[in-house]
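Below is one structure, written out as structure tokens, with a few remarks after it.
Protein chains: 2
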Amino acid sequence: MQAPCTIEFPGVYTASACPRFAIRSIEDLFATHGRSFPVGRGASLYAEETAADQVYLIVAGCVRVGRYEADGKRQINAFHFAGEMFGFEPGRRHRFFAEAVSACELTVLPRATLQNLAALDGALARRLWGHAEDELQRAQEHMLLCRQAAVSRVLHFIEGVAERLGDPFEVELPMSRQDMADHLGLTIETVSRAMTCLSANGETSTTGARRVRLRRPHQLAA
Amino acid sequence: MQAPCTIEFPGVYTASACPRFAIRSIEDLFATHGRSFPVGRGASLYAEETAADQVYLIVAGCVRVGRYEADGKRQINAFHFAGEMFGFEPGRRHRFFAEAVSACELTVLPRATLQNLAALDGALARRLWGHAEDELQRAQEHMLLCRQAAVSRVLHFIEGVAERLGDPFEVELPMSRQDMADHLGLTIETVSRAMTCLSANGETSTTGARRVRLRRPHQLAA
DNA sequence: CGGTTCGTTGAGATCGGTCAACTCAAGTGG
DNA sequence: CCACTTGAGTTGACCGATCTCAACGAACCG
Numbered sequence: 001m002q003a004p005c006t007i008e009f010p011g012v013y014t015a016s017a018c019p020r021f022a023i024r025s026i027e028d029l030f031a032t033h034g035r036s037f038p039v040g041r042g043a044s045l046y047a048e049e050t051a052a053d054q055v056y057l058i059v060a061g062c063v064r065v066g067r068y069e070a071d072g073k074r075q076i077n078a079f080h081f082a083g084e085m086f087g088f089e090p091g092r093r094h095r096f097f098a099e100a101v102s103a104c105e106l107t108v109l110p111r112a113t114l115q116n117l118a119a120l121d122g123a124l125a126r127r128l129w130g131h132a133e134d135e136l137q138r139a140q141e142h143m144l145l146c147r148q149a150a151v152s153r154v155l156h157f158i159e160g161v162a163e164r165l166g167d168p169f170e171v172e173l174p175m176s177r178q179d180m181a182d183h184l185g186l187t188i189e190t191v192s193r194a195m196t197c198l199s200a201n202g203e204t205s206t207t208g209a210r211r212v213r214l215r216r217p218h219q220l221a222a
Numbered sequence: 223m224q225a226p227c228t229i230e231f232p233g234v235y236t237a238s239a240c241p242r243f244a245i246r247s248i249e250d251l252f253a254t255h256g257r258s259f260p261v262g263r264g265a266s267l268y269a270e271e272t273a274a275d276q277v278y279l280i281v282a283g284c285v286r287v288g289r290y291e292a293d294g295k296r297q298i299n300a301f302h303f304a305g306e307m308f309g310f311e312p313g314r315r316h317r318f319f320a321e322a323v324s325a326c327e328l329t330v331l332p333r334a335t336l337q338n339l340a341a342l343d344g345a346l347a348r349r350l351w352g353h354a355e356d357e358l359q360r361a362q363e364h365m366l367l368c369r370q371a372a373v374s375r376v377l378h379f380i381e382g383v384a385e386r387l388g389d390p391f392e393v394e395l396p397m398s399r400q401d402m403a404d405h406l407g408l409t410i411e412t413v414s415r416a417m418t419c420l421s422a423n424g425e426t427s428t429t430g431a432r433r434v435r436l437r438r439p440h441q442l443a444a
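These protein sequences, in sequence, are chains U and F. Residues 1 to 222 in my numbering are what the first sequence lists, from first letter to last. Residues 223 to 444 in my numbering are what the second sequence lists, from first letter to last.
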């Protein structure tokens with residue numbers, strides 16, 4: 001066990017259980033205990049049903065997480081970007097696959113390390129719980145998207161990516177039309193038509209297929 | 223603070239932190255610390271954006287959780303049945319509303335009580351984490367439904383309700399067609415037509431609009 | 001009996017999927 | 001330098017599933 005970074009006894013813990021170690025952040029933890037490595041575009045990080053004994057943090061790049069249906073269709077559950085953790089699931093085996101959308105720099109940490117530290121550190125455990133809740137919230141928001149029109153879904157998606165990548169007005173989409181379609185529950189043709197429609201309406205202006213400039217940032221568009 | 227129910231030191235906790243209290247189950251916790259009361263059909267339990275300072279357990283009945291969109295459309299995120307907990311959200315305010323689909327018997331617990339106990343009790347904390355993951359899984363399954371045909375979605379929904387209510391072959395649906403439609407992302411007419419279609423195909427036989435007998439249980443139908 | 005709510009059925013309009021052709025950019029190898 | 005290939009993206013024509021609007025039927029309750 002490594003030396004702790006900081007000592008914190010927030011809130012409820014001061015008078016009750018006795019954490020001895022506290023970690024400043026999940027990023028610090030990966031930096032301290034993790035191992036970094038690069039992967040190429042399209043690389044498989046883990047497949048469905050494989051052992052979930054590693055947790056990942058993205059240093060740079062974009063990762064898609066999803067599953068293949070019995071009929072062979074691919075469902076992309078979520079995209080993850082730099083600074084985001086993925087691969088931390090409750091079961092022993094992954095319920096989803098993870099693949100690199102673009103070339104990535106990743107950091108991995110044994111799942112057991114993370115869990116042991118969380119057991120010692122209430123603040124870390126709460127951060128992990130917050131992470132699970134964030135995923136839940138995102139999944140629920142995504143669920144509700146299903147009933148909106150295709151164009152709205154595509155716009156909403158692009159706005160979300162732009163916001164998460166730091167510039168709410170302009171974004172270089174790292175994923176293909178097929179990735180977007182499999183995420184939004186559409187076909188590649190419909191995504192393409194939606195992009196054309198958005199450009200025609202003046203909502204966006206595109207240079208090439210991947211670079212998109214947005215007229216309005218996320219909140220105003222809704 | 224009440225006396226503990228049982229003392230457990232499972233797994234990782236034996237050699238590290240020092241929980242003093244452990245709860246047999248979330249149900250026990252509600253039974254010990256909660257307050258029970260009945261509500262009538264259609265009653266509002268909480269609205270969107272109201273303070274999320276209570277957590278609920280259903281003793282009997284059915285509850286719908288969802289939100290109203292800006293355009294007035296209602297989206298039902300999930301139905302909850304007897305034995306299920308709801309209302310436990312990460313933020314200070316509810317992101318969804320909750321209403322009684324049928325007359326219900328509920329138990330409420332202050333959210334702070336649950337969180338304090340979870341901070342003391344690793345096993346309880348893990349159960350709550352598992353609860354969030356279950357919700358996540360359900361949201362993801364629901365996402366996958368969006369791309370299936372209307373009839374499949376309705377059948378899948380009825381099978382799920384039947385299974386959760388205890389008899390995989392026959393079920394009395396507690397919710398209206400409108401509730402089903404708002405949950406499945408369909409219109410009330412399409413749900414009705416799907417029901418008719420299922421009856422015509424021999425997948426189901428109905429007596430009245432709410433009581434449905436299923437030809438095949440959940441797994442075989444898929 | 002009339003009113004209300006819930007559910008069903010029908011006809012036309014619309015949205016998105018399917019199939020197919022085409023453009024465009026980036027390699028590759030002669 | 002050019003022909004060829006490959007993958008990604010766009011566009012068009014057509015069709016089917018679902019939505020919309022509307023009327024109708026059934027159960028319930030005063």
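Built from N, CA and C at the ideal position, the CB exists for glycine as well. Bear in mind that the values here come from a model prediction, so they are computed numbers and not experimental data.
Chain F contact for residue i (CB, 8 Å cutoff)
{"i": "residue 197/U", "result": "no"}
{"i": "residue 143/U", "result": "yes"}
{"i": "residue 83/U", "result": "no"}
{"i": "residue 136/U", "result": "yes"}
{"i": "residue 122/U", "result": "yes"}
Coarse secondary structure for residue i, derived from DSSP in three states
{"i": "residue 107/U", "result": "strand"}
{"i": "residue 287/F", "result": "strand"}
{"i": "residue 178/U", "result": "helix"}
{"i": "residue 50/U", "result": "coil"}
{"i": "residue 316/F", "result": "coil"}
{"i": "residue 138/U", "result": "helix"}
{"i": "residue 165/U", "result": "coil"}
{"i": "residue 406/F", "result": "helix"}
{"i": "residue 70/U", "result": "coil"}
{"i": "residue 36/U", "result": "strand"}
{"i": "residue 78/U", "result": "strand"}
{"i": "residue 424/F", "result": "coil"}
{"i": "residue 266/F", "result": "strand"}
{"i": "residue 157/U", "result": "helix"}
{"i": "residue 86/U", "result": "strand"}
{"i": "residue 192/U", "result": "helix"}
{"i": "residue 348/F", "result": "helix"}
{"i": "residue 152/U", "result": "helix"}
{"i": "residue 121/U", "result": "coil"}
Neighbouring residues, chain U, relative to residue i (Cβ below 7 Å)
{"i": "residue 369/F", "result": "185"}
{"i": "residue 362/F", "result": "77 and 139"}
Neighbouring residues, chain F, relative to residue i (Cβ below 8 Å)
{"i": "residue 133/U", "result": "311, 312 and 354"}
{"i": "residue 125/U", "result": "347"}
Opposing strand residues paired with residue i [DSSP bridges]
{"i": "residue 145/U", "result": "Its beta-bridge partners do not exist; DSSP assigns none."}
{"i": "residue 101/U", "result": "According to DSSP, which records beta bridges pairwise, residue 101/U is partnered with nothing at all."}
{"i": "residue 433/F", "result": "394/F and 429/F"}
{"i": "residue 57/U", "result": "85/U and 107/U"}
Any non-hydrogen atom of the ligand SAM closer than 7 Å to residue i Cβ
{"i": "residue 397/F", "result": "By its list of ligands, the structure shown contains no ligand whatsoever, and the ligand SAM lies outside what it can speak to."}
Minimum Cβ-Cβ distance from residue i to chain U less than 8 Å
{"i": "residue 297/F", "result": "yes"}
{"i": "residue 269/F", "result": "no"}
{"i": "residue 274/F", "result": "no"}
Is there contact here, the stretch 49-69 of chain U with the stretch 127-141 of chain U, by at least three beta-carbon pairs under 8 Å? no
At least 3 beta-carbon pairs within less than 8 Å: the stretch 372-390 of chain F vs the stretch 87-99 of chain U: no
Any chance the stretch 366-381 of chain F sits against the stretch 255-269 of chain F, with 3 or more Cβ pairs inside 8 Å? no
Any contact of the stretch 399-419 of chain F with the stretch 288-298 of chain F, i.e. 3+ C-beta pairs under 8 Å? yes
Cβ pair count under 8 Å reaching 3, the stretch 51-59 of chain U against the stretch 103-114 of chain U: yes
Count the CB pairs spanning the stretch 150-157 of chain U and the stretch 371-389 of chain F that are closer than 8 Å, and state whether there are at least three. no
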